[in-house]
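Per our numbering, the very first residue in the sequence shown carries number 156; after that it's consecutive.
So the structure is just underneath, and the comments pick up after that.
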Amino acid sequence: MLLHNVSVLTLSYIAGGSALFFVGILDDMLDIRVRYRLIIQMISALIIIFWGVYILIILAQ
């Protein structure tokens, strides 16, 4: 199996990134309304957050 020993963190990146990728493709083909794109992008971000990805600190340069 391809994803047998993959961490949950990696799977969250794959799931969220794939959702964003396919929304972009669908938007190019079908001209999806902004509201629906925003909802799908928020769900994608929540998938990543739900699986434990977060930013501890943001450094300004």
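No residue lacks a Cβ here, since even glycine has one placed at the ideal position from N, Cα and C.
Query, Result
"Would you tell me roughly how many angstroms separate the C-alpha atoms of D182 and A200, rounded to the nearest one?", "18 Å"
"Identify which residue in I210, A174, V163 has its Cα closest to the Cα of I99.", "This structure gives no information on residue 99, because the portion of the chain shown stretches from 156 to 216."
"Going by the beta-carbon positions, is the gap between L166 and V208 smaller than 8 Å?", "no"
"Please state the DSSP three-state secondary structure of D182.", "helix"
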